[in-house]
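Numbering-wise, our numbering comes out as the position in the sequence shown, counting from 1, plus 82. The beta carbon of each residue, even a glycine, is placed where N, CA and C say it ideally should be.
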Amino acid sequence: MPLSYEVNLLLKLVSIDTTSTERKNYEKIANLLAEEARKLGLTAEKIVDKKGIPQVLITIPGAPEKAKKVVFITHYDVVPPGEGWDFDPFKPFVKDGKLYGRGAADNKSNIAAAIAAFSEAVKEKLPLKIYPVLAVAGGEETGESEDFFKTIEGSLAIVLDVGCESISIGASGSTRLTVKVRGKQAHSAYPYKGVNAIYEATKVIEFVKEKGKEFEKTVLSKFPASTHYGRLPRRMNVTMINSGVAANIIPGECTLTIDIRTIPEEKADEVAEEVKNMLENFAKENALDITVEVKSFSNGWYTDDEEIVKKIKKIAEEMAGKKLKVSVELGGTDGRYLIDRMPVIQFGTLREDTNFHGKNEFVHLEDVENVKAFVKKLLITQL
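Quick look at the structure:
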């Protein structure tokens, strides 16, 4: 069977290596998207931000300007492919109802689906009930699109950068701390002269591990998680360890990085202080010499407009042909840059099994069609 327009467009997009850490081919793909949109009778504007990153805005000519403005959020950059792929990540192909390649799920399939929906609305002369804008960002994976997202205004944002297993209305926050554990440096041939900071740090690691398990049982959101958990819990993990000067030296310092994912209802800075105090008390009780520093924090968020959530959920369920739960994301999303100005709802093609950010990434073609249908239906729905 011949491939649909959106699948052919997706093949074209995935074949362009837009690795975010190198800002690779950003200009090329932004130009392609703008040109493709114009060929389809859409309006496209390329905006180069202060960082030199091109961003693309696509609209439908003749859309009712007095209607509610709905902004669909996507991005064209991808994470580095990494090693171990079974095929060239930038030579996409279709097999068994899936399209394979870096960016196939995250996030180029959502771009292709939205453009196809906009195009079909023009061809079919659909009576638009909203003023739609497709925002295609660059630098999203590196956090460089924040300023661009903060310029976007509207009545509603639809972030097309999550899975299709549920309707997502929020996301976790995060905070990171470092713990410097001190011992006493010595020659490794004379260990009795030193105090091994790595051994001291293992006590902190075990404490964090147990507290993390406790948080997952006791600090729970009122919202279901998008996957794995029931209600979304706070999560805490040691994610980095840095120690050692040379193979023949007992290390005098060991630095741990602790990553905490907060639930949407709590303030990340308060959680950071709570954990900092907890660690300092543990160190005092166990005669450990440590220094704890809060390095960063970002609040979670959720949309509390129940009426708009019901409307969008109904559309998604009609297109999917099944009931969908309302959930919040385990990670952070771009909704955090928009929630202060408008409700944010999230839906997309990043099903959990698609290996996004991993090797051999793919997207289910049925999900691409589902997101296209979702966007197309939303275009003709009175909100």
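Restricting attention to alpha helix (DSSP H) runs no shorter than 4 residues, the stretch 292-374 encloses them at 350-367, ordered along the chain. The beta carbon of K393 sits closer than 8 Å to those of T463 and L465, all from its chain and outside the five residues before and after it, given in chain order. With respect to the C-alpha of I249, the residue from K396, D131 and Y419 having the closest C-alpha is K396. Only residues of its own chain outside the window of five on either side were considered, and among them Y419 have a CB closer than 7 Å to the CB of K232, listed in chain order.
If you draw a straight line from the Cα of V161 to the Cα of T224, it comes to about 8 Å. With contacts defined as CB atoms closer than 9 Å, A398 and F429 qualify as a contacting pair. Taking a cut-off of 8 Å for Cβ pairs, the stretch 284-295 and the stretch 440-448 do not touch, as fewer than three such pairs fall below it.
Taking a contact to require three or more Cβ pairs closer than 8 Å, the stretch 249-264 and the stretch 339-356 qualify as touching. Taken in chain order, the whole beta strand (DSSP E) runs of length 3 or more contained in the stretch 101-170 are 125-130, 136-141 and 151-157. No Cβ-Cβ contact shorter than 9 Å links V457 with F305. Pairing T373 with V426 gives a Cβ-Cβ distance that is not under 9 Å. CA-to-CA, the gap between T309 and E355 works out to about 28 Å. According to the DSSP assignment, S270 belongs to no alpha helix (DSSP H), since it is labelled neither H nor E. Counting along the chain, I397 sits inside the alpha helix (DSSP H) bounded by residues E388 to A402. Secondary structure of L181 (DSSP, three-state): strand.
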